[in-house]
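I have placed the structure first, in the form of structure tokens, so that the comments after it can refer back to it.
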Amino acid sequence: MSNLLSIEPVRILTYLVGICAFVGANAAYLVLAERKIAGRIQRRPGPNEAGYGGWMQPFADVLKLFAKQVMIPPGTDILLYCAAPLMVMAPPLMCLAVVPFGESLVARNLDIGLLFVFAFGSINVMALMLGGWASRNKYSIISAARVVSQNVAYEIPMLLVVITLLMVAGTLDLNELIRQQAGGFWNWNLLRVWVNPLMPVTFIIFFICMLAETNRAPFDMAESESELVAGAFTEYGGMGFGVFFMAEYSNIVLGCCLGTVLFLGGWQSPLPLAALSGPLWGPVWFLLKMYALIFTVMLVRWTFPRTQFYGLLNLSWKILIPLSLFSLLLTGAMMKLPLVLQRLF
Amino acid sequence: MNAVAYLPILVQIVLAAVITGGVIAASHLCGQRARPHAIKDSAYECGVQSTGRPHIRFSVKFYVTAMLFILFDIEVVFLIPWTFVYRDFLAHHISIVGPMLFFLGVLVLGLYYEIKKGALEWER
Numbered sequence: 001m002s003n004l005l006s007i008e009p010v011r012i013l014t015y016l017v018g019i020c021a022f023v024g025a026n027a028a029y030l031v032l033a034e035r036k037i038a039g040r041i042q043r044r045p046g047p048n049e050a051g052y053g054g055w056m057q058p059f060a061d062v063l064k065l066f067a068k069q070v071m072i073p074p075g076t077d078i079l080l081y082c083a084a085p086l087m088v089m090a091p092p093l094m095c096l097a098v099v100p101f102g103e104s105l106v107a108r109n110l111d112i113g114l115l116f117v118f119a120f121g122s123i124n125v126m127a128l129m130l131g132g133w134a135s136r137n138k139y140s141i142i143s144a145a146r147v148v149s150q151n152v153a154y155e156i157p158m159l160l161v162v163i164t165l166l167m168v169a170g171t172l173d174l175n176e177l178i179r180q181q182a183g184g185f186w187n188w189n190l191l192r193v194w195v196n197p198l199m200p201v202t203f204i205i206f207f208i209c210m211l212a213e214t215n216r217a218p219f220d221m222a223e224s225e226s227e228l229v230a231g232a233f234t235e236y237g238g239m240g241f242g243v244f245f246m247a248e249y250s251n252i253v254l255g256c257c258l259g260t261v262l263f264l265g266g267w268q269s270p271l272p273l274a275a276l277s278g279p280l281w282g283p284v285w286f287l288l289k290m291y292a293l294i295f296t297v298m299l300v301r302w303t304f305p306r307t308q309f310y311g312l313l314n315l316s317w318k319i320l321i322p323l324s325l326f327s328l329l330l331t332g333a334m335m336k337l338p339l340v341l342q343r344l345f
Numbered sequence: 346m347n348a349v350a351y352l353p354i355l356v357q358i359v360l361a362a363v364i365t366g367g368v369i370a371a372s373h374l375c376g377q378r379a380r381p382h383a384i385k386d387s388a389y390e391c392g393v394q395s396t397g398r399p400h401i402r403f404s405v406k407f408y409v410t411a412m413l414f415i416l417f418d419i420e421v422v423f424l425i426p427w428t429f430v431y432r433d434f435l436a437h438h439i440s441i442v443g444p445m446l447f448f449l450g451v452l453v454l455g456l457y458y459e460i461k462k463g464a465l466e467w468e469r
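This is how it looks when you write it as structure tokens:
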């Protein structure tokens, strides 16, 4: 089996089928899960007609989208208009390739995994901007401007938080990052308060930034339905729209994967028992943690009202960036402390 | 890893784009194709007829935040190598905290100045 997997075309094919199935199934059923949760929160049943209890709803949605016209409205910038869906969907597909779902369950174990994820993750912004710009629709253009200023504002605290972790871990390899968090939940980066007392706060900053980067409520300025119809992808029809929608959910999956890897110990079991760890338990723990994060993302969307745009930018520039900078410097100081004490005594 | 080792990743990039393109192409083949119509082809702006140029002008605040971003992004880019060599430099007693604090201090001063100048006050 491992011999077969080492042949390059087989590996690529396995990756392709695996990631596409994972992303497809997640995008389809997370939409359903979200609508069900929304229904439960708003005291209504949610989709329950298609199939038993609404379980066939994703298929009905996809079939409907396939039956619609993929139209290129006259007056659009055709090249950019067509490139935007490709650019929005390809990065999450790429990034999930380096995410280790288990110790050996990773499509490409890169030594620069984290850098890779952030490099490709930031293409998303450009895609939404180009899509909005090329649509020759005023709402789309307003949305594009908002997406750019929102995403760039939240990228900085996110990167600062991540390099705080890098400073402690000293590696960009995602699998190595997880291995360093072995030995029970008190060793997860989330609770490593002896490295940096602000670790739980950095996780919260990361989570907020992840919500903003994926344009989710309460930060969904890009697609604020009540103001801008559908934001940057108002003018897209059929699967063109479907791709943007799938990309949104794939980005949530990716963001929650990253949160799991960086803060929640990835495939490590919460208790250091031999019976609960191993190659089979790894993916189970990983997926449990990931879906718990995704559930929180959905809960946040349906519990909090949408923020206003300037409040959104102020939160990032006036609170999150100074706080994450402080946390970074605090980590540096904590690492220098033993040396200072050594010199004194 | 040498450059050849990253070649499969290039293949994956192309394939990821091809899959997405394939989905849209399939949708184009399966979907209906209605004849063009003046109303159908016009921009959808909540049913109100679109007037004026579609490419409107932005508030200058957007440019200010973009400039702020460029400054801070470059700062983060410089911080990444700093975090990697930090432990080694400390172990070898090479001064690294002071220069970085100076670098960060200049930027934080800049941010403070921008905020005081009202660059982030969107209400005005």
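These protein sequences, in sequence, are chains W and S. Counted the way the numbering used here counts, the first sequence spans residues 1 to 345. Counted the way the numbering used here counts, the second sequence spans residues 346 to 469. Built from N, CA and C at the ideal position, the CB exists for glycine as well. From a predicted model like this one, the values you see are computed outputs, not experimental measurements.
Just to confirm, is the Cβ distance from residue i to residue j under 8 Å?
i         : j         : result
VAL70(W)  : HIS373(S) : yes
GLU235(W) : SER143(W) : no
ALA222(W) : VAL147(W) : yes
LEU413(S) : GLU459(S) : yes
LEU65(W)  : GLY242(W) : yes
ILE178(W) : GLY266(W) : yes
THR259(W) : PHE206(W) : According to the sequence provided, residue 259(W) is Gly. The question's Thr does not apply to it. A contact, by the Cβ cut-off of 8 Å.
VAL168(W) : VAL195(W) : yes
ILE208(W) : LEU80(W)  : no
ILE418(S) : ILE141(W) : Sequence check: residue 418(S) is Asp here, not Ile. No, Cβ-Cβ distance for ASP418(S) and ILE141(W) is not below 8 Å.
ILE369(S) : MET239(W) : yes
ARG343(W) : PRO218(W) : no
ALA67(W)  : GLY366(S) : no
TRP302(W) : ALA38(W)  : yes
LEU172(W) : SER324(W) : no
Please determine whether the Cβ atom of residue i lies at a distance below 7 Å from any heavy atom of the ligand MN.
i         : result
SER149(W) : With respect to the ligand MN, the structure offers nothing, as it holds no ligand at all.
Comparing C-alpha positions only, which one of the options sits nearest to residue i?
i         : options                                       : result
ASN26(W)  : ARG343(W), PHE245(W) and MET129(W)            : PHE245(W)
ILE78(W)  : GLY131(W), LEU276(W), LEU287(W) and LEU165(W) : GLY131(W)
PRO270(W) : GLY184(W), ALA28(W) and GLU176(W)             : GLY184(W)
VAL16(W)  : GLY240(W), MET298(W), LEU96(W) and PRO305(W)  : It is worth fixing the name first, because residue 16(W) is Leu in this sequence and not Val. Nearest option by C-alpha distance: LEU96(W).
SER327(W) : PHE219(W), ILE208(W) and MET199(W)            : MET199(W)
GLN150(W) : LYS138(W), MET126(W) and ASN137(W)            : MET126(W)
PRO300(W) : TYR29(W), VAL10(W), GLU34(W) and ALA21(W)     : One detail in the question is off: residue 300(W) reads as Val in this sequence, not Pro. When only C-alpha atoms are compared, the closest one is GLU34(W).
PRO100(W) : MET89(W), PRO91(W), GLY113(W) and PRO92(W)    : GLY113(W)
ALA119(W) : LYS138(W), ASN137(W), ALA90(W) and ALA333(W)  : ALA90(W)
VAL363(S) : GLY51(W), VAL88(W), TYR29(W) and MET56(W)     : VAL88(W)
SER122(W) : CYS82(W), PRO279(W), TRP285(W) and THR214(W)  : THR214(W)
LEU262(W) : PHE286(W), ALA247(W) and MET239(W)            : PHE286(W)
VAL31(W)  : TYR249(W), PRO272(W), PHE203(W) and LEU80(W)  : TYR249(W)
ALA60(W)  : ALA28(W), ALA38(W) and PRO45(W)               : ALA28(W)
GLY397(S) : VAL405(S), LYS406(S), HIS438(S) and SER387(S) : SER387(S)
ARG108(W) : GLY39(W), LEU329(W), MET129(W) and ARG11(W)   : ARG11(W)
MET335(W) : VAL393(S), VAL442(S), SER395(S) and GLU390(S) : VAL442(S)
MET158(W) : PRO322(W), LEU339(W) and PHE345(W)            : PRO322(W)
LEU360(S) : TYR139(W), GLN268(W) and LEU86(W)             : LEU86(W)
TRP427(S) : LEU339(W), PHE345(W), LEU329(W) and LEU337(W) : LEU329(W)
THR410(S) : VAL253(W), LEU110(W) and SER316(W)            : SER316(W)
VAL356(S) : LYS36(W), ILE72(W), TYR52(W) and MET94(W)     : MET94(W)
PRO92(W)  : VAL161(W), LEU115(W), VAL106(W) and ASN124(W) : ASN124(W)
ARG24(W)  : ILE41(W), PRO58(W), GLN42(W) and ARG40(W)     : It is Gly, not Arg, that sits at residue 24(W) in the sequence shown. Of the listed residues, the one whose Cα sits closest to GLY24(W) is PRO58(W).
VAL393(S) : TYR139(W), ARG44(W) and LEU105(W)             : TYR139(W)
Should residue i be labelled buried (16 or more other beta-carbon atoms within 10 Å of its own) or exposed?
i         : result
ILE415(S) : exposed
GLY102(W) : buried
LYS461(S) : exposed
ARG216(W) : buried
PRO47(W)  : buried
TRP55(W)  : exposed
ASN251(W) : buried
ALA84(W)  : buried
GLY231(W) : buried
MET1(W)   : Annotation note: pLDDT 46 at MET1(W) (below 50); position unreliable, coordinate value reported separately. MET1(W) comes out exposed.
GLU466(S) : exposed
ALA292(W) : exposed
ALA333(W) : exposed
LEU352(S) : exposed
Whole alpha helix (DSSP H) runs in the region 77 to 138 of chain W with 4 or more residues, listed along the chain?
78 to 95, 113 to 121 and 123 to 134
By the 7 Å beta-carbon criterion, what residues does the region 419 to 433 of chain S contribute toward chain B?
Protein chains in the displayed structure are W and S, and chain B is not among them.
Scan the region 412 to 467 of chain S and note each continuous alpha helix (DSSP H) run of 4 residues or more that stays entirely inside, going in chain order.
Counting only runs of 4+ residues, the alpha helix (DSSP H) found wholly inside the region 412 to 467 of chain S occupies 442 to 461, in chain order.
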